[in-house]
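Residue numbers (my numbering): 1 to 220.
Where is the CB? At the ideal position from N, CA and C, for every residue including glycine.
Predicted model only: the values in this text are computed from it and were never measured.
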């Protein structure tokens, strides 16, 4: 399904077979276009700078001076409109949290279902955050450091609910389904949450929810 806009993609992975597999898979989708590939973080930063992709699929461990986290931080700093999605095999590492803090809008594992990957790319292009269920617990556990925040008191009951669901890594569409409201209504609530908490984006809102104990840690 597409809204008519073509999402321009950059794939960064040090394994040629992974890049080729992703390119072949994505080429079959009319609204997804791979405009470049990179085999390390430095190439990814350079190509993102010159080609301005909409979404970057970024591996975590990369050769050279810039790993996936460092490359993400630089890309986001230079091109805030470019969304970076981590696509990696690592789910039990502090770098999960580091990647999100660096500005990645999502963290996916390579065993993701192809249909879910497509949906995640389109969601990232819309500015939504996407977290693989397997890493949510890691992020929540690592993020619980602070307690209380004056901005929380400004939130309405519904905004509290939306913030908690952001902390679970849900998209606007899934939040709307969970709460039984229109997706447009959820977008409004998200905007209010970000404004009241003075947060730059949904990913930071998800971290905020975890950090301040607004989401229950994943079992296990």
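State the Cα-Cα distance for the pair residue i and residue j, rounded to the nearest angstrom.
i           : j           : result
residue 190 : residue 181 : 13 Å
residue 90  : residue 160 : 31 Å
residue 71  : residue 186 : 31 Å
residue 179 : residue 188 : 14 Å
residue 52  : residue 67  : 20 Å
residue 122 : residue 174 : 14 Å
residue 130 : residue 199 : 17 Å
residue 169 : residue 48  : 26 Å
residue 113 : residue 120 : 10 Å
residue 15  : residue 152 : 44 Å
Let me make sure I understand the geometry here. Which of the options has the alpha-carbon closest to that of residue i?
i           : options           : result
residue 19  : 38, 124, 7, 6     : 38
residue 102 : 113, 108, 86, 112 : 86
residue 105 : 96, 113, 111, 155 : 96
residue 157 : 69, 193, 183      : 193
residue 196 : 155, 170, 167     : 155
residue 241 : 6, 24, 56         : A query on residue 241 cannot be resolved here, the shown segment of the chain reaching from 1 to 220 and no further.
residue 115 : 204, 63, 28       : 28
residue 98  : 107, 69, 76, 118  : 69
residue 46  : 25, 77, 26        : 77
Quick one: using the 10 Å Cβ neighbour count with 16 as the cut-off for buried, is residue i buried or exposed?
i           : result
residue 9   : buried
residue 74  : buried
residue 208 : buried
residue 128 : buried
residue 40  : buried
residue 176 : buried
residue 54  : buried
residue 81  : exposed
With a CB to CB cut of under 6 Å and the five nearest residues on each side skipped, what residues in its chain are close to residue i?
i           : result
residue 88  : 59, 60
residue 22  : 11
residue 171 : 123, 128
Within the same chain, show all residues whose beta-carbon is closer than 7 Å to that of residue i, passing over the 5 residues directly before and after it, in chain order.
i           : result
residue 6   : 31, 33
residue 134 : 91, 109
What residues in its chain sit with their C-beta under 8 Å from that of residue i, if we drop five residues either side in the sequence?
i          : result
residue 65 : 41, 42
Whole-angstrom Cβ separation of residue i and residue j, contact assumed at under 8 Å?
i           : j           : result
residue 202 : residue 163 : Their Cβ separation, rounded to whole angstroms, is 10 Å, which puts residue 202 and residue 163 out of contact at 8 Å.
residue 83  : residue 125 : 6 Å
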